[in-house]
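**Q** In the working numbering, the protein residues as written are 329 to 489.
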Amino acid sequence: MTTDNSSDRQLLRHMLATLAYRGGKTLRGAPETFAAFDQPPGGKTPAQILAHMGDLFDWALTMVKGKQEWHNSTPLPWAEEVQRFFKTLQTFDDYLASDSPLALSAEKLVQGPIADALTHVGQLAMLRRLAGCPMKAENYAQAEVVAGRVGLEQTPPHKEF
């Protein structure tokens, strides 16, 4: 199923910007040691989760181009993995912003890679608290989320608590 509905693309782009905003908040200020935090032992480390999140958007890009391919990446050093994640979001957002056709519906993108990545942002936030480096909460409905703004740096929070 293909979709070229501009409102679908705008909603997808807004979802990516939301993911970047929430992901950026979760990743900014996390110490380098957080990458290897392993609680409970044998679970996925933050670096492994973040590498998977980058893989999700590499996969999403292949799906919208009509040739689904999955790759499991070995985590890079933390700072590089953070950069890679936001680069994959930017590449995917650039494709959504173009006139290139989408070989997959917006609904399938939401239920697959986008929802998965949002879940993983929540995991990373929880792991930060367990690792002793929590972040402040905020009212995300008040956040300045802008389609196309999918990098690590975001507008500062309106109000944290």
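C-beta: ideal position from N, C-alpha, C; glycine also. Note that the structure is a prediction, hence the values are computed from the model and not measured.
#1: Quick one: residues in its chain with C-beta nearer than 7 Å to the C-beta of P359, no 5 flanking neighbours on either side, listed in chain order?
#2: Who are the Cβ neighbours of I442 in its own chain at under 6 Å, not counting the five residues just before and after it?
#3: Looking at the structure shown, is L340 part of a helix, part of a strand, or coil, going by DSSP?
#4: May I have the straight-line CA-CA distance separating D383 from K487, to the nearest angstrom?
#5: Can you have a look at L455 and say buried or exposed, based on whether 16 or more other CB atoms are within 10 angstroms of its CB?
#6: Within a Cβ cutoff of 8 Å, which residues of the same chain sit near Q367, ignoring the five residues on either side of it in sequence?
#7: Under a three-way DSSP split, which group does E488 fall into?
#8: By the three-class DSSP mapping on this structure, what secondary structure does L297 have?
#9: Leaving out five residues on either side along the sequence, give the residues of the same chain with a beta carbon under 7 Å from the beta carbon of A434.
#10: Based on Cα-Cα distance, which residue from Q376, L347, G440, A469 lies nearest to M391?
#11: Between the Cα of K393 and those of Y423, E408, Y468, spot the shortest distance and give me the residue it belongs to.
#12: Smallest Cα separation from W398: which of P405, A388, W406?
#13: In the segment 352-407, which residue ranges form an unbroken alpha helix (DSSP H) of at least 4 residues, counting only runs that do not cross its ends?
**A** Quick answer:
#1: C461
#2: M343
#3: helix
#4: 32 Å
#5: buried
#6: L455, L458, A459
#7: strand
#8: One cannot answer for residue 297 here, as it falls past the ends of the chain, which runs 329 to 489.
#9: T331, D336, L339, L340
#10: G440
#11: Y423
#12: A388
#13: 374-392
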